[in-house]
Amino acid sequence: MVNIIWVTLFVIGLVFAGINGTMDKVNEAIFQGAKEAVAICIGLISVLTFWLGLMKIAEKAGLLKGLSRLLQPIARRLFPDIPKDHPAMGYILSNMSANMFGLGNAATPMGIKAMEELKRLNGGKDEASRSMITLLAINTASITLIPTTVISIRIQYGSVSPTEIVGTTILATACSTMGAILVDRFFYYRRMRKRM
Amino acid sequence: MEWVTTISIWIIPTIIALVLVAGTLKRVPTYETFVEGAKEGVQMSFSIIPYLVGMLVAITVFRESGAMEFFISLMRPMLQAIGIPADIVPLALIRPLSGTGALGMTSDLIATHGPDSFIGRLASTMQGSTDTTFYVLTVYFGAVGIRKMGDALKVGLLADIIGVLASIIIVSLIFL
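Dropping the structure here:
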């Protein structure tokens, strides 16, 4: 699936550039894209290093366990495959809370850490497990309470009321999160039926 | 307005203080534990590089060749027919592919239509309520070496569609 999409993006792009005469732009794009990717990862080093260090303390102090126990009723329904009190749950919940407050910087390290724990739960296989897909779905729908970046853009362009979109964003994000969970469930049951 | 800025400024320092105090009370060797966890962060960032380079180069080539624009213009009449405003179509289509692209487009829409116009509000809501599915997928799965993604991409993209439609419906209902 990924392989096909990846090659398709290239092939369509290259054919188009040939027809459109934008091959010079494509040459530029190859290096620009690679550079941007490395720049993002370099930017991630500082964030990942700091947050994973801090989260290790939180984990050892039992804070993650406390958080997951607090939200256990919801979390258990969302991720029925994860055993009770497993560290993965703590990271998943920290990831979700960080997303809610628009702390994308903090959300990514915790999401990755959660994935790592989920992979261990799945016997270290290179295949996405049910819980991994659910976590991913929730992250792509991005539950947000305070869309900080958007608010700052609105302030920049002189909005009379920069925060008036907070309400609509919360409603929209609630819809997309619920939608993501339902779609995820649908595909899970379809996989189960196929296997039988 | 005030309270949102105040919350954003206080939230991270509060979390840090909470973790450090709790760690100290539980007699966790805080500094050593921090370094131990932080080391993983360094390795993780480097392990993401190949995945992100591969994906971003493909997406940038697709965008810069003019192919993305062509597909957007192709889909515009269809999406307009089901009530999606023409100006918002490019943003809706770019959002799952490119985070920086979408952010640039949102700023552009807000700049041209004004932050308090219908399009400005819609763009703001859409930007805030969806995420760059390809990036999330690449980074999260790349970092831990998941190769078989299963239904993850389909689920993520469908969630994006739901988010876009929900934004349009909700903003229309509230602000029109």
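Residue numbers (full-length UniProt numbering), protein chains in the order written: chain Z, 1 to 196; chain D, 1 to 176.
The beta carbon of each residue, even a glycine, is placed where N, CA and C say it ideally should be.
The structure presented is a predicted model; accordingly, all values stated were derived computationally and were not measured.
Item to check | Selected residue, minimal CA-CA separation from residue 52(D), among 58(Z), 48(Z), 42(Z) and 60(Z) | outcome: 42(Z)
Checklist entry - Who are the neighbours of residue 28(D) on chain Z, taking C-beta pairs under 8 Å? => result 57, 60 and 61
Next on the checklist: With a threshold of 7 Å on Cβ separation, who are the neighbours of residue 185(Z) within its own chain once the five nearest residues in sequence on each side are excluded?
Outcome noted: none
Checklist entry - Short check: CB of residue 188(Z) to CB of residue 120(Z), under 8 Å? => result no
Checklist entry - Looking at the structure shown, is residue 148(D) part of a helix, part of a strand, or coil, going by DSSP? => result strand
Checklist entry - Does any residue of chain D bring its CB to less than 8 Å from the CB of residue 121(Z)? => result no
Checklist entry - Name the chain D residues whose beta carbon is nearer than 7 Å to that of residue 189(Z)? => result Result: empty, since nearest Cβ-Cβ is about 11 Å, beyond 7 Å.
Next on the checklist: Under 7 Å, CB to CB, which of the residues in the stretch 31-45 of chain D have a partner in chain Z?
Outcome noted: 33, 34, 35, 36, 37, 38, 40, 41, 42, 44 and 45
Item to check | At least three beta-carbon pairs within less than 8 Å, the stretch 63-81 of chain Z to the stretch 39-54 of chain Z | outcome: no
Checklist entry - Would a C-beta distance cut-off of 8 Å place residue 101(D) and residue 110(D) closer than the cut-off? => result no
Next on the checklist: Using only CA atoms, which one of 174(Z), 168(Z), 111(Z) and 7(Z) lies nearest to residue 44(D)?
Outcome noted: 111(Z)
Checklist entry - Can you pull the DSSP bridge partners for residue 127(Z)? => result 148(D)
Checklist entry - At which residue ranges does the UniProt domain "Nucleoside transporter/FeoB GTPase Gate" (42-153) of chain Z contain complete alpha helix (DSSP H) runs of 4 or more residues, listed in the order of the chain? => result 63-70, 72-78, 87-100, 104-121 and 130-141
Next on the checklist: In whole angstroms, give me the CA-to-CA distance for residue 9(Z) and residue 59(D).
Outcome noted: 7 Å
Checklist entry - Can a CB atom of chain Z be found closer than 8 Å to the CB of residue 139(D)? => result yes
Item to check | Assigned exposure category for residue 27(Z) - 16 Cβ within 10 Å defines buried | outcome: exposed
Item to check | Alpha-carbon to alpha-carbon, residue 81(Z) and residue 97(Z) | outcome: 21 Å
Checklist entry - From which residue to which residue does the alpha helix (DSSP H) around residue 176(Z) run? => result 165-195
Checklist entry - Are the stretch 136-146 of chain D and the stretch 149-162 of chain Z touching, with three or more C-beta to C-beta distances below 8 Å? => result no
Item to check | Interface residues of chain Z facing residue 152(D) [CB-CB closer than 8 Å] | outcome: 128, 132, 133, 136 and 137
Item to check | As assigned by DSSP and simplified to three states, the class of residue 84(D) | outcome: coil
Checklist entry - Alpha carbon to alpha carbon, how far is residue 147(Z) from residue 196(Z)? => result 43 Å
Checklist entry - Does DSSP classify residue 61(D) as helix, strand or coil? => result helix
Next on the checklist: Considering just the uninterrupted stretch of the alpha helix (DSSP H) at residue 90(D), what are its terminal residues?
Outcome noted: 89-94
Checklist entry - From which residue to which residue does the alpha helix (DSSP H) around residue 132(D) run? => result Per DSSP, residue 132(D) belongs to no alpha helix (DSSP H) and is neither H nor E.
Checklist entry - Given a threshold of 16 other Cβ atoms within 10 Å of its Cβ, counted over all protein chains shown, does residue 135(D) qualify as buried or as exposed? => result buried
Next on the checklist: Since residue 62(D) and residue 13(Z) should fall inside the 8 Å C-beta cutoff, what is the C-beta to C-beta distance between them, to a whole number of angstroms?
Outcome noted: 4 Å
Checklist entry - Is the beta carbon of residue 56(D) less than 8 Å from the beta carbon of residue 124(Z)? => result no
Checklist entry - CA-CA distance, residue 73(D) and residue 17(D)? => result 51 Å
Checklist entry - Where residue 140(Z) and residue 107(Z) are concerned, what is the direct C-alpha to C-alpha distance, given to the nearest angstrom? => result 12 Å
Item to check | Contact with chain B by residue 83(D), beta-carbon distance below 8 Å | outcome: Here chain B cannot be found, since the structure's protein chains are Z and D.
Next on the checklist: Taking 8 Å as the threshold (C-beta atoms), are residue 133(D) and residue 156(D) in contact?
Outcome noted: yes
Item to check | 8 Å Cβ cutoff, residue 13(D) in contact with chain Z | outcome: no
Checklist entry - Do you know whose CA, among 20(Z), 91(Z) and 40(Z), lies nearest residue 135(Z)'s CA? => result 91(Z)
Item to check | Secondary structure of residue 47(D), DSSP reduced to three states | outcome: helix
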